[in-house]
Structures are given as C-alpha cells and as structure tokens.
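Trainee: Be aware that the sequence shown starts at 49, since it is given in the working numbering, and climbs by one per residue.
The beta-carbon is built from N, C-alpha and C at its ideal position, and this holds for glycine as well.
Computed from a predicted model, the values in this text were never measured in an experiment.
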Amino acid sequence: MKFKAGEIVSLKHYSIDNNNKGIISKTLNDGIIVKPEKEFLIYSFFDSDPVVIGFESENTVNLCESTVSSVDYKDNTFELTINNIQSIENKRISQRFPVSMCAYVKADNSSVFSYIRNIGLNGISLCSKYEFKKGDMVSVDTAIFGENISFMARVAWKKLGKVGFEYGLEFYSPSPEFDGTIEKCIKLLKQEQKSAINRLKYDFEPIIRMMQKNKALN
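Put into structure tokens, the structure is as follows:
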C-alpha cells in the first residue's frame, strides 16, 4: 500500500478524544511525514507515541499502526514509522485492532503511565518506560469511550523499544462480562474509524485550501 504526498488522512492519538486530520507532506521508505490540520496539535506528539492513521484506497478503508519517530516544531510536522497496514473491511473481531490509548500499569506497588498500541480479545500490545519481566502479572487501568476498564494481564513477551520497552500482555482469567465489554469496544472503535475516514471525503478540499493559504503566509 503506497501513500501519496498531498493525501489527507485521519489521525488518532491518545491525547485527543476525537480523530483529527492531517496531510501527507512527504513519503519515506518505511513511513510518512504528516502536517496536522490544527497546528497546536504538534505539541501533543512525542517520540514513540502510537498514532493510528486512517485512509481510503480503492473504496477500501485502511488503518495503519504507526509510531512517532521525530517531531519538527519549526515546520509543524512529525514523522511516522509505519508498523503495519490492514484493511478494516476484512478484519475479524478476534484480530488485534490498532489504537492509541493511555493506560496505568500497576506492578510492585507502582503505577506507571503507558501507551496501548493495539487491542484484541486475548490481550493488548503496550509500550512503557518501566521494565517488566516476561511472566509478570500486572494490573492495567484504561478507558475506552469514557468507560473505565481494569484487568489483570500476564506479560507474554517483551522487547526493547526506542523509548522504553514494548510488551505483549495476555488477559488473565477474563470473565464472560469482560470479554463482552472488550468485543463491544472493538466494534465501537471500528465504527469510529470508518466514520472518521468517510468524513475525509467532505473535508478534503477545505483542508487543502487552508494549508495552501498558511503556506503562502509563511
């Protein structure tokens, strides 16, 4: 799947409740450089932050799990490394869904601020500056669409990341009620992304004009 300079994409970041928009200013071998629609948003993005990119290609809605690799405050752009691209149309509910959410992980009497990169019926992928051991049991608190969710999970795998560590967590002894909550949240996340990408069709021209005007003024 190839991106194009000038293409409008939706952006989902944990610091903002709603999806936002950006324009691709440059394509790279393994990523893209994006200028957000609202200039102040650039100050909410930091190295290794998870960002979900949404776009449409040949009438198919696609999502990208990506991470911030650098931020250019002068040009009001940030570089995203693309980790994977998947079609939302063919995605089963049992598969991992890309997200950008904050969470607090409790272990050894500490509560650590972390980021969730994807979520599925069996567990999550999480980034944290705190080092856990494979096999550790941790407690995770997060929220999806305003609904607080807490669960126990086991560290199934770990690897060193650019900033901290990346983990695969498996839900530990989830109840049928919890399974139902996660499935409902994934369906809502899917609907949210489809709606955000559909809105791009109507917002494309005004955004282009606005960014061209801003460029002319600089």
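Skipping 5 residues on each side, what residues in its chain have a beta carbon closer than 7 Å to that of E87?
Mentor: Residue numbering aside, residue 87 sits at position 39 when the sequence shown is read from its first letter. Excluding positions up to five away in sequence, the list reads N124.
Trainee: Does the contact criterion of 3 or more C-beta pairs under 8 Å hold for the segment 71-88 versus the segment 147-156?
Mentor: Counting Cβ pairs under 8 Å, fewer than three are found: no touch.
Trainee: Please classify F94 as buried or exposed, where buried requires at least 16 other C-beta atoms within 10 Å of its C-beta.
Mentor: By 1-based counting over the sequence shown, the position of residue 94 is 46. Exposed, because fewer than 16 other Cβ atoms sit within 10 Å of the Cβ of F94.
Trainee: Spell out a yes or no on whether the segment 58-67 and the segment 239-248 are touching, meaning 3 or more CB-CB pairs, one atom from each, closer than 8 Å.
Mentor: Segments in contact, yes.
Trainee: For the beta strand (DSSP E) that E170 lies in, which residues bound it at each end?
Mentor: For the purposes of this step, residue 170 is identified with residue 122 of the sequence shown, where counting begins at 1. First, the residue type needs correcting, since residue 170 is Asn and not Glu in the sequence shown. Neither: N170 is in no beta strand (DSSP E) and is coded neither H nor E.
Trainee: Quick check on the burial criterion: 16 or more other C-beta atoms within 10 angstroms. Buried or exposed for M149?
Mentor: To locate residue 149, count along the sequence shown from 1; it is residue 101. Buried, by the Cβ-count rule.
Trainee: Between V147 and R202, what straight-line distance do the alpha-carbon atoms span, to the nearest angstrom?
Mentor: Position 99 of the sequence shown, counting from 1, holds the residue named residue 147. Position 154 of the sequence shown, counting from 1, holds the residue named residue 202. Whole-angstrom Cα-Cα distance: 20 Å.
Trainee: Rounded to whole angstroms, what is the Cα-Cα separation between E85 and G70?
Mentor: Taking the first residue of the sequence shown as 1, we reach residue 85 at position 37. Taking the first residue of the sequence shown as 1, we reach residue 70 at position 22. If you take the alpha carbons of E85 and G70, they lie about 5 Å apart.
Trainee: Please report the distance separating the alpha-carbon of G194 from that of K210.
Mentor: Walking along the sequence shown from the start, residue 194 turns up at place 146. Walking along the sequence shown from the start, residue 210 turns up at place 162. Approximately 30 Å, taken between the alpha carbons.
Trainee: Can you check which of these residues, K177, K122, I130, D227, is closest to G171 by C-alpha distance?
Mentor: The residue labelled residue 171 in the question sits at position 123 within the sequence shown. Per the Cα distances, D227.
Trainee: Buried or exposed: P98, going by 16 or more other Cβ atoms within 10 Å of its Cβ?
Mentor: Residue numbering aside, residue 98 sits at position 50 when the sequence shown is read from its first letter. Buried, by the Cβ-count rule.
Trainee: Residues in the same chain with beta-carbon distance under 6 Å from E179, minus the five sequence neighbours each way, listed in chain order, please.
Mentor: Within the sequence shown, numbered from 1, the residue matching residue 179 stands at position 131. Excluding residues within five positions, the ones whose Cβ falls inside 6 Å are F213.
Trainee: By Cβ distance below 6 Å, which residues in the same chain neighbour S135 in space, the five residues on each side in sequence not counted?
Mentor: Mapped onto the sequence shown, residue 135 falls at position 87. These residues qualify, in order along the chain: T108, N110.
Trainee: Measuring alpha carbon to alpha carbon, tell me which residue in G79, L217, F51 is nearest L174.
Mentor: Residue 174 sits at position 126 when you count from the first residue of the sequence shown. When only C-alpha atoms are compared, the closest one is L217.
Trainee: Tell me where the beta strand (DSSP E) around S223 begins and ends.
Mentor: Taking the first residue of the sequence shown as position 1, residue 223 is located at position 175. From DSSP, S223 is part of no beta strand (DSSP E); its letter is neither H nor E.
Trainee: Would you report the Cα separation of K60 and V82, rounded to the nearest angstrom?
Mentor: Numbered from its first residue, the sequence shown carries residue 60 at position 12. Numbered from its first residue, the sequence shown carries residue 82 at position 34. Each residue's Cα considered, the two are about 13 Å apart.
Trainee: When you compare only the Cα positions, how much space is there between F145 and K122?
Mentor: What you label residue 145 is simply residue 97 of the sequence shown in a count that begins at 1. What you label residue 122 is simply residue 74 of the sequence shown in a count that begins at 1. Their backbone Cα atoms lie some 33 Å apart in a straight line.
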